[in-house]
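J.: Just dropping this structure here.
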Amino acid sequence: MSVKKAAESLPNTLLRKARQERGWTQKELADLIDVPQSFMISRWENGTTYPGPIYREKLSAIFGKGYKDLGLYRSTPTLVPDGAQKQIIDHAIPVRQPGDPPLIGRDHLLEQIIHDLCSENHGSFIGINGLPGVGKTMLAMEVASSARVQEHFPDGVLWTTLGPRPEVSAELQRWGALLGINHVKAEVLQQVDDWFQILQQAIRGRQMLLILDDVWNIKDALPFTIGGTECAYLLTTRIPEVAARFAGKEAMHVPELTNAESMQLFKQIVPALVEQELEVVPKIVQAAGGLPLTLALMGNTLLVQMRHRQRRRLEGALKRMQLPEERMRLTQMQVVSHQQNGPTTIPMSIRETIALNELLLDEPARQALYALSVFPTKPATFSEEAALAVIAACRDTLDQLVDAGLLECNEEDRYLLHRSISDYAQSQNACTQAERRLVDYVLNYVTRHREDDQLLQREYSIILAALKIASRSEYRTELADLLTLPIK
C-alpha cells in the first residue's frame with residue numbers, strides 16, 4: 033500500500049459512512065478485520081492509503097456491501113466543476129430576523145466552537161445538541177458569519193437544514209450548483225450516492241465549513257460529509273445521541289440560560305417593562321425555563337401591547353404569559369426549505385415545535401411523557417423508582433424519552449423535566465391516573481422511610497407535589513394520611 037501525497041488524496045467517506053452507521057470506532061473495525069494498527073483504518077478513510085485485496089474482501093464481507101459502495105472501486109469517473117474556485121457563502125445560511133433574540137450567555141460556548149473549528153486539527157467534527165428553542169441554530173448562524181471562520185475557510189461555508197423529513201437529494205443537488213456542477217451534468221445524477229461521490233470530487237482540495245442544522249438522524253447527516261481533510265463540520269440537533277455519534281468527544285450540550293441571563297435577555301427586548309420592577313416579570317421570565325425562543329416570543333408579545341399604551345391590554349397580556357397553554361400558543365416562523373429566491377417559512381407555535389419530538393416516540397413513551405408532567409420541573413429531580421411508579425411502564429420507556437431529548441438524567445442518576453416540556457405534556461393529557469399513582473407512591477415512600485430524614489429531604493419536592501395534588505377533594509383520604517406522617 034503506497035501512501036499518497038496529501039494533495040492527491042481523496043477521503044473515502046463511503047467507508048467512513050459505513051463504519052459510522054454501525055456505530056463502530058476505527059479501533060473496533062480494525063479488530064474485527066484483524067488490522068494490526070487502527071491508524072490504518074484512519075488512513076483508508078482519509079484516502080492517504082488504499083487497502084490491499086485481502087482487506088478489501090474483509091471490508092466487503094463485514095459490511096455486506098460491494099467494493100463500489102464502500103469507495104473501494106478505483107475507476108470512479110471524475111467531474112470537474114464549472115468555473116474558477118471562489119469563496120462560497122451559502123444563501124441558505126439564515127440571517128437574523130425581526131424579533132430574533134439577541135445572543136446572550138453564549139460567549140464562552142461560541143468561542144469554544146470557533147476555536148475548535150479553526151484549530152490546526154483539520155477535519156473537525158463538532159455536534160451541538162439541546163432542547164427545542166435553546167438557540168442551537170442561532171449559535172450556528174453566528175459561527176457561519178464569524179470573520180474568523182470565513183478567513184479560516186477561504187473557500188466558503190455550506191449550510192443545510194434537514195429536519196425530521198429531509199429532502200437529501202434536493203439539498204445535495206443545491207450544494208452541487210453552488211460548487212459549480214452545471215445543470216447538464218446534474219441531469220445524469222439520480223441517486224444520493226451518485227451525488228455523494230461527485231460532490232466529493234467537486235469539493236476536493238477546498239477548505240470549507242459544512243454546517244448541518246437540525247439533524248434528526250445520523251443517516252441523514254452522513255451523505256453531506258463530502259469534504260476533504262481541509263474541511264470541518266458543525267452539526268446541530270435536538271437529539272443527544274445524534275450529536276454524540278457524529279462528533280464523539282467533540283459533542284457539546286447547549287444549556288438553558290440562567291435566571292440572570294434570562295432576565296438580561298428579557299430586558300434587551302422590553303427594557304421599559306423590566307425597569308418598572310413589576311412583581312410578575314420575574315415569574316414570567318422564570319416560566320420560560322431559560323429558553324431564548326420562549327423569552328423572545330413572550331417579550332415581543334408584551335412589547336406590542338406596550339406600544340398600544342393601554343394598561344388594560346398590557347395587564348391582560350402579562351396574565352396570559354403566566355399560563356402554560358398561552359405560552360404554548362406563541363408562534364415563530366420556521367424555515368422548511370431553501371430555494372434560489374429565498375427560504376420558505378411557515379408559522380409554528382412552541383407547542384408544534386416541541387410536538388415534533390413525539391415523532392421519535394412510540395405510544396407507551398408518549399403516554400409516559402404525559403404522565404411525568406405531574407412531577408415538579410427542573411431544577412427539581414426525581415428518582416427512577418418514582419418515575420417508573422408514575423408511568424407504570426418499563427425502564428426502556430424512560431430510556432426512549434432520554435434518547436429523544438425530552439427527559440434529562442444527571443450524574444446522580446436522577447431525572448429532570450424541563451418546564452416547557454412539562455407544559456407541553458400537560459396540554460396533551462389530564463394525567464389523573466398519573467396523579468393518583470404519584471400520591472400513592474409518595475404515601476408508600478414516606479411510610480417506608482419515615483425515620484430517615486435524609487431520604488425524605490431528597491424527595492421533598494415530589495412530596496410537596498403529592499400534597500398539592502392530594503389537597504383536592506377527590507384525594508381527601510390520601511391527604512389526611514400524608515398529613516399524619518412525620519414529614520420535616
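In our numbering, each residue carries its 1-based index in the sequence shown increased by 32. We treat Cβ as the ideally placed atom computed from N, Cα and C, and that holds for glycine. Just so we're clear, the structure is a prediction, and the values are computed from it rather than from any experiment.
Could you check what DSSP says for M365 in three-state terms: helix, strand or coil?
T.: Strand.
J.: I need the straight-line Cα distance from T333 to E384, nearest angstrom please.
T.: One C-alpha to the other measures close to 18 Å.
J.: Under 8 Å: do the segment 192-212 and the segment 139-150 share three or more Cβ pairs, one atom per stretch?
T.: Contact fails: fewer than three Cβ-Cβ distances are below 8 Å.
J.: Between the segment 284-295 and the segment 249-260, can you find at least three pairs of beta-carbon atoms closer than 8 Å?
T.: At 8 Å Cβ cutoff, the stretches do not touch.
J.: Taking the beta carbon of L439 as the centre, do at least 16 other beta carbons fall within 10 Å, making it buried, or is it exposed?
T.: L439 should be labelled buried.
J.: Quick check: the Cα distance between L335 and M380, rounded to an integer number of angstroms?
T.: When rounded, the distance between both Cα atoms is 20 Å.
J.: Secondary structure at F414, three-state DSSP: helix, strand or coil?
T.: It is a strand residue.
J.: So what's T269 in DSSP terms, helix, strand or just coil?
T.: T269: strand per DSSP, three-state reduction.
J.: Expressed to the nearest angstrom, what Euclidean distance is found between the alpha-carbon atoms of Y265 and L244?
T.: Straight-line Cα distance between these residues: approximately 8 Å.
J.: Could you tell me which residues DSSP pairs with D245 in its beta bridges?
T.: In the DSSP output, where bridge partners are listed per residue, D245 has T193.
J.: Could you check whether T429 and A397 sit closer than 7 Å to each other, using their CB atoms as the reference points?
T.: Yes, the pair counts as a contact, with Cβ atoms nearer than the cut-off.
J.: Output yes or no for whether 7 Å exceeds the beta carbon distance between V474 and I501.
T.: No, the Cβ-Cβ distance between V474 and I501 is not below 7 Å.
J.: Between the alpha carbons of F71 and C150, how many angstroms are there, rounded?
T.: For F71 and C150, the distance between alpha carbons rounds to 23 Å.
J.: Tell whether a beta-carbon distance below 7 Å holds between M295 and M330.
T.: No, Cβ-Cβ distance for M295 and M330 is not below 7 Å.
J.: Quick check on L355: does DSSP put it in helix, strand or coil?
T.: Residue state, collapsed to three classes: coil.
J.: Thinking C-alpha only, which one of E53, N44, T45, A512 is nearest E273?
T.: Closest option to E273, Cα to Cα, is E53.
J.: Give the DSSP-derived three-state secondary structure of N153 in the structure shown.
T.: In the structure shown, N153 sits in coil (DSSP, three-state: anything other than H, G, I, E or B).
J.: Assign K159 to one of three DSSP states: helix, strand, or coil.
T.: What sits at residue 159 in the sequence shown is Gly, not Lys. Looking at G159 - three-state DSSP - the assignment turns out to be strand.
J.: Helix, strand or coil for P303, going by three-state DSSP, please let me know.
T.: Three-state DSSP puts P303 in a helix.
J.: Would you list the one or two residues that DSSP bridges to E506?
T.: Note: E506 sits in no beta bridge, so no partner.
J.: Need the endpoints of the beta strand (DSSP E) that H285 sits in, please.
T.: First-last of the beta strand (DSSP E) with H285: 283-285.
J.: Fully enclosed by the segment 287-337, which alpha helix (DSSP H) runs are 4 residues long or longer?
T.: With a minimum length of 4 residues, the continuous alpha helix (DSSP H) runs that stay inside the segment 287-337 are 291-301, 303-307, 312-319.
J.: Are there 16 or more other CB atoms within 10 angstroms of the CB of V312, so buried, or fewer, so exposed?
T.: The residue is exposed, with fewer than 16 neighbouring Cβ atoms inside 10 Å.
J.: Identify which residue in T269, D472, A124 has its Cα closest to the Cα of L204.
T.: The shortest C-alpha separation from L204 is found at A124.
J.: State the DSSP-derived secondary structure class of G437, mapped to helix, strand or coil.
T.: The answer is coil: DSSP assigns G437 none of H, G, I, E or B.
J.: Nearest-angstrom Cα distance between K59 and K251?
T.: Roughly 21 Å between the two C-alpha positions.
J.: Exposed or buried, which one is R51 when buried takes at least 16 other CB atoms within 10 Å?
T.: Label assigned to R51: buried.
J.: Between the Cα of G437 and the Cα atoms of I160, E307, W207, P314, which residue gives the shortest distance?
T.: Cα-wise, what sits closest to G437 is I160.
J.: By the DSSP assignment, the alpha helix (DSSP H) with V406 in it spans what residues?
T.: Looking at the DSSP string, V406 is not in any alpha helix (DSSP H), and its letter there is neither H nor E.
J.: I need the straight-line Cα distance from V247 to L470, nearest angstrom please.
T.: For V247 and L470, the distance between alpha carbons rounds to 36 Å.
J.: Give the straight-line distance between the Cα atoms of L310 and K49, rounded to the nearest whole angstrom.
T.: Those two C-alpha atoms are separated by around 55 Å.
J.: According to the neighbour-count rule (16 or more other Cβ atoms, all chains shown, within 10 Å of its Cβ), is Y507 buried or exposed?
T.: Answer is buried; the Cβ neighbour count reaches 16.
J.: Just to confirm, is the Cβ distance from M240 to F185 under 7 Å?
T.: Yes, they are a contact pair.
J.: From E199 to F228, what does the alpha carbon distance come to, in whole angstroms?
T.: Straight-line Cα distance between these residues: approximately 14 Å.
J.: Using only the alpha-carbon positions, how far apart do D187 and R88 sit?
T.: Looking at the two C-alpha atoms, the distance is approximately 34 Å.
J.: Check whether the Cβ atoms of L449 and T413 lie closer than 7 Å to each other.
T.: Not closer than 7 Å, so no.
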